[in-house]
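As structure tokens, the structure follows; a few thoughts come after it.
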Amino acid sequence: MEQILKNKEKSTSELLTLLKLATELDITEGSQKQTGVQLSINDTDLRELVEGQISKLLQNNENLELEIKKRKRMAEHLFKLNKAFRTLCQCNKIVTHAGDESALLNEICRTIVGVGGYRFAWIGFGINNNKKTFRREVHAGYEEGYLDSLDLTWAGNPMGQHPAVAAFLTGNYCLINNTLTDIDYAPWHSRALQSGYASLIAFPLVTNGQRLGALTIYATEPGAFAKDEIELLIELSNDIAHGIAVLRDRTAHRKTEEKLKLMFDSVTDGITVMDLNGIITDTNDSAIQIYGYDSKDGILGKSVFELITADDCDKAMENLKKTLVEGRFEGAEYTMVKPDGSIVPIEQSTSILRDPDGNPDGIISVTRDITERKKAHQYEEMDRLKTNLLSAVSHELRTPLASIKGYSTLLLDYSDRLDSEKQSHSLTCIDNATDNLTELIDHLLDLSRLEAGLFRLDKRPTEFGGLLRDTIAEAKVRYPDNRIEIRLLKDFPAMLVDGRRIRQVVDNLLDNAVKYSQKDTAVTVRAKRGGGELIISVSDQGRGIPAEEIEYIFDRMYRLEERLSENPSGLGLGLSLCKAIVEAHRGRIWAESKVGKGSTFYFALPLDKKKAGKKL
Amino acid sequence: MTLQSEKINVLVIEDEPDIQTFVVWLLALEGYEVGAASTGEHGLEMARAGGANLMLLDLRLPGRDGWSVLAEMKRDTKLADIPVVIFSASAAVPQKEKALGMGAVDYLVKPLSAEKLRKCIKRALAS
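What follows is the structure, given as structure tokens:
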């Protein structure tokens, strides 16, 4: 540029010199004496030469001016292109760093106006509603109510639409070089003139084949958008569309994630994610609660087997293996230990988690606290057992009542035909049945007291040896056909017990021993000291108790109906009463048995340390 | 061996000794020939030995219970004609219906007076 100006200056000064020369020549024609140079004024050749030179110089000057104008335009164009390029760069930066969509669009418009030097820019979206509104989202620059005057929809075909809508509908940019003369822009032209928009261009915003909207840019001069500038702006609008798509994807992704997290944490079942070795990697809030922890930190990194009781670990391990083989395992029940030591029954279903290639990546489990369900089941069971107990009690009451009713009506109806022996037998039966009834009622009362927590002992200092000997002596009378043997200590320590209740225990154990033994086998009662306790045992050589039943035999409700069908007489309440009595003395009761060999029932009472060894 | 008398023969299956004795005495006083068993097995043996005109059967028996005895009585064609009266300490209605459904002619609930038992035996024999 400078060179051009210098050239121009040079040629102008050359021209001036020549002109001056010519003037001087004219003067010398009138008064030759004024110049010191002697030239022939008739030299037409010289005149022609000068004129030729002048016209050449004038031509050159014109060319130079044209060149200057051209260069200037180029410079301006370059300047504008440079601005467009800077706009593109700046906008790319914005797209890369954008956090949310509306901020992105706002900044883009501001940059187009601020950096690009355009008068006005706006972005609108085609909305998928009934009216097919083309809604403006953001704008920057000189607006002054222009957008409000538009009220655009994208219904119908692109012909005759506003350039923004036309670009949106066609997917191609739409250029209005002169808002004053361009026929396509006639409907909006007066408004555009008011706002000083001489030319405009609208670019579609399209991403992944989806039309979003359009970016429209206005300039103050007509024909402001040159071809290469348009190309840069196309690139810019593509980048904006891409930026919007990325942000929308990210938002959708985040929303899905938030939704999943919300679902994850709001289910009442505990969800646990673990690796293939059972190490916990994630849990939801319910799982934390079920496992009895305060926060996730306490659980993460723990093995799932740490949470399950030792007894159930093998089962859990087995089920985990099955999950890995079969893909899922449902409805396993375990007991679990909470950090406070409490035991909770749980139900757990496990499924395999796979990575995108389909390889096992971990295990997800759904855990449910089934305490309530278990309780409900227990209540149901108790209810059922109570019903059974009631029908059993009714049966037990009816049997002695049948004796009483039968023999008394027999005595009434046939007194004259019954000999004295039969009469006496009848009365004895009535008497025994009455005793049975009384005993039954006592048992039931004791049990109900036990249930109501009203079971009280009447403890007195007792000569234990005497108590045992008396009890056994009575049993021998009761069972004259059985061999009852006795192996007692020589010296019994002083005991503070409820003698009547202890007799009840011994009686009950003896009754059972006799009931389940053959007549020619021995029933042995032993008493010994050991470990600060007095231990009494009653052994028989009867049919014995299967191992799987022995732990339940002291439970009052234990399979009553089954017991009743095998053991027609007696409610099976005796052993549970024995247990209650012994435990009320702070003692313990247990049984050892071998099927076919016989059973031994033990009960142990703690010895009073102060009086231990003293004879009563 | 032929029957020595024209007496009606009643077979009592009852495991409670006192109740068995009461029933046996009553029936004897009423002029029936009475046989008694304490177990289901023994009762069936006696029934198969012949001569019984009526069976009085307790339901809750050690070993083979009354239900099984009743089923066997009705299954065995030689025994099916002997009327069976159930004599039980269970007053439950479903039990009674079940027993009658299985072919028992009557269902008596303990306790029972001498008079009721008498009438019932007569009714059962008449049917």
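Chains as they are written, first to last, in the numbering used here: chain C, 1 to 616; chain S, 1001 to 1127. Just so it is clear, CB atoms sit at the ideal spot from N, CA and C, and this is done for glycine as well.
List, in order along the chain, the chain C residues whose C-beta lies closer than 9 Å to that of residue i?
i	result
GLU1115/S	THR409 and ASP413
Using a C-beta cutoff of 8 Å, does residue i count as contacting chain S?
i	result
ARG563/C	Here ARG563/C scores only 45 on pLDDT, less than 50, and its place in the model should not be relied on; the value that follows carries that caveat. Closer than 8 Å: no.
HIS443/C	no
ARG478/C	no
ARG417/C	yes
SER391/C	yes
Taking residue i as the query, report the chain S residues whose CB atoms sit under 8 Å from its CB, ordered along the chain.
i	result
THR399/C	GLU1016, ILE1019, ALA1089 and LYS1110
HIS395/C	ARG1060, ALA1089 and SER1090
SER517/C	Within chain S, no residue comes near SER517/C; the closest Cβ sits about 15 Å away, beyond 8 Å.
CYS429/C	ASP1018, THR1021 and PHE1022
Do residue j and residue i count as a contact pair if the criterion is CB distance below 8 Å?
i	j	result
ALA140/C	ARG119/C	no
LEU260/C	LEU104/C	no
ALA580/C	PHE455/C	yes
GLY116/C	GLY213/C	no
ALA167/C	PHE203/C	yes
ALA310/C	ASN319/C	no
ILE308/C	THR283/C	no
ARG368/C	ILE352/C	no
LEU88/C	GLU235/C	yes
LYS1110/S	SER1088/S	yes
LYS302/C	ILE288/C	no
LEU200/C	TYR173/C	no
LEU390/C	LEU437/C	no
GLY465/C	LEU488/C	yes
ARG1060/S	GLY1066/S	yes
VAL1023/S	LEU1044/S	no
LEU205/C	ALA84/C	no
GLN541/C	SER576/C	no
ALA98/C	LEU215/C	no
GLY499/C	LEU534/C	no
Pop quiz: residue i and residue j are said to be a contact at Cβ under 8 Å. What is the actual Cβ separation, rounded to whole angstroms?
i	j	result
MET1046/S	GLY1063/S	15 Å between Cβ atoms; not a contact.
ALA1099/S	ILE1086/S	5 Å
THR207/C	ALA241/C	4 Å
ASP314/C	THR335/C	Contact flag wrong, Cβ pair sits at about 13 Å.
LEU411/C	SER394/C	Wrong, their Cβ atoms sit about 26 Å apart, outside the cutoff.
LEU496/C	ASP416/C	Going by Cβ atoms, the distance from LEU496/C to ASP416/C rounds to 57 Å, so no, they are not a contact pair.
In chain S, what lies closer than 7 Å to residue i by C-beta?
i	result
CYS422/C	The amino acid at residue 422/C is misidentified as Cys; the sequence shows Lys. Going along chain S in sequence order, the residues near LYS422/C (Cβ under 7 Å) are TRP1025.
LYS405/C	PRO1111, LEU1112 and SER1113
ALA402/C	ILE1019, ALA1089, LYS1110, PRO1111 and LEU1112
For a test of the three-state rule: what should DSSP assign to residue i, helix, strand or coil?
i	result
ALA1080/S	coil
LYS132/C	coil
TRP590/C	strand
TYR552/C	coil
LEU1011/S	strand
ARG119/C	coil
TYR558/C	Because TYR558/C sits at a pLDDT of 47, beneath the cut-off of 50, its placement in the model cannot be relied upon, and the following sentence gives the value as read from the coordinates. Three-state result, TYR558/C: coil.
HIS139/C	strand
GLY114/C	helix
LEU601/C	According to the sequence provided, residue 601/C is Phe. The question's Leu does not apply to it. Correct three-state label for PHE601/C: strand.
GLN59/C	helix
GLN619/C	Past the boundaries of the shown model lies residue 619/C; chain C is included only from 1 to 616, so the question cannot be answered.
SER102/C	helix
LYS515/C	helix
MET1046/S	helix
LEU215/C	strand
TYR407/C	helix
ALA1091/S	coil
ILE68/C	helix
THR35/C	Since pLDDT at THR35/C reaches only 48, below the 50 mark, its modelled position is unreliable, and the value read off the structure follows with that caveat. THR35/C falls in the coil class under three-state DSSP.
Whose Cβ in chain C lies nearer than 8 Å to the Cβ of residue i?
i	result
LEU1057/S	Within chain C, no residue comes near LEU1057/S; the closest Cβ sits about 14 Å away, beyond 8 Å.
Shorter than 8 Å from the beta carbon of residue i to some beta carbon of chain C?
i	result
LEU1125/S	no
LEU1029/S	yes
PRO1094/S	no
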